[in-house]
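**Student:** In this note's numbering, the protein residues as written are 23 to 329.
The beta-carbon is built from N, C-alpha and C at its ideal position, and this holds for glycine as well.
Since this is a predicted model, take the numbers as computed values, not measurements.
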């Protein structure tokens, strides 16, 4: 298997692990992956007309996640190559890490928005002004950017001696394994720190917001108001739990002995593909819109085959 190969010297033209796809399954796998990507792009594009400015960041984050991870994997499958240019690899790794942090921070920002809207409805417009909403979004993205920049700065200082990426996509741990060796203590400590910081910050903000929302809903006499309030929060809560479940599955897959490498890689890709596909549905895309999007994609594909 490709994952067992070793490359003793570092070059900018790296080798990257690839899926063990049966030759007869190459094109079905490619077209299935391409359909998932196109569906995600089309559906998330429809969500770029949000009720609230802050919702724009979620489909943007989804597009960053799936675009940074999936297309190059599909290209490798169809071309049967496993070459990647080092700067491109670093960029991909940077974007996939940005996606992971952005999801958590954006969901926290969205919970604050819902908290103000439900618990202080009469003051919502005066509290959540366009300027403050933009400031909240900027804070979420800036914090994510700074944390990931430091992570990759720590990794970049290590001297590189190898030229094989052990994963099917580039990320910080894979890039770190290109190093000649040395003391990774600082990298490991900081990696654990930002993971814990992102999780604790996001969970704390959301727990506070949704607890207060729940208390407010219980106190409300109007049943319709309760239902509307709960419905506005369910999408964010569902997205958060889905992200946590998928991330946990991916992490555990690398800890389970005798778990196949291909299954581990699929679980890893799920982090960047599941939410971008499911989020448009969770956030209220009509079944009719989904059918139209799928119909257009399939029609274009049929036309290309008939030429």
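Measure from the alpha carbon of residue 58 to the alpha carbon of each residue in 297, 144, 283, then state which is nearest.
**Tutor:** Looking at the Cα atoms, 297 is the closest of the given residues.
**Student:** Are at least three pairs of beta-carbons, each pair with one atom in the segment 107-124 and one in the segment 180-194, less than 8 Å apart?
**Tutor:** The segment 107-124, when compared against the segment 180-194, does touch it at the 8 Å Cβ threshold.
**Student:** Name the one or two DSSP bridge partners that residue 186 has.
**Tutor:** Paired residues: 37.
**Student:** Near residue 73, which residues of its chain fall below 7 Å by C-beta distance, leaving aside the five closest residues on each side in sequence?
**Tutor:** Because residue 73 carries a pLDDT of 42, less than 50, the predicted location of this residue cannot be relied on, and no value is offered for it.
**Student:** What three-state label does DSSP hand residue 107 in the structure shown?
**Tutor:** strand
**Student:** Please identify the residue among 262, 35, 261, 235 whose C-alpha is closest to the C-alpha of residue 141.
**Tutor:** 235
**Student:** Over the uninterrupted alpha helix (DSSP H) stretch that includes residue 239, give me the two end residues.
**Tutor:** 207-241
**Student:** Do the CB positions of residue 120 and residue 51 come within less than 7 Å of each other?
**Tutor:** no
**Student:** What is the rounded straight-line gap between the Cα of residue 132 and the Cα of residue 189?
**Tutor:** A direct Cα-Cα distance of roughly 33 Å separates residue 132 from residue 189.
**Student:** Thinking residue 84 and residue 301 are a contact (beta carbons under 8 Å), I'd like their distance in whole angstroms, please.
**Tutor:** Contact flag correct, Cβ pair sits at about 6 Å.
**Student:** Taking 6 Å as the line, does the beta carbon of residue 123 fall inside it for any heavy atom of the ligand ZN?
**Tutor:** The ligand ZN is not among the ligands present in this structure, which contains no ligands whatsoever.
**Student:** How long is the line joining the alpha carbons of residue 276 and residue 259, rounded to whole angstroms?
**Tutor:** 26 Å
**Student:** Find out if the Cβ-Cβ distance for the pair residue 43, residue 128 is shorter than 7 Å.
**Tutor:** no
**Student:** Less than 7 Å between the C-beta atoms of residue 252 and residue 293, yes or no?
**Tutor:** Not in contact: residue 252 and residue 293 (Cβ atoms no closer than 7 Å).
**Student:** Is residue 193 near residue 118, with beta carbons less than 7 Å apart?
**Tutor:** In contact: residue 193 and residue 118 (Cβ atoms closer than 7 Å).
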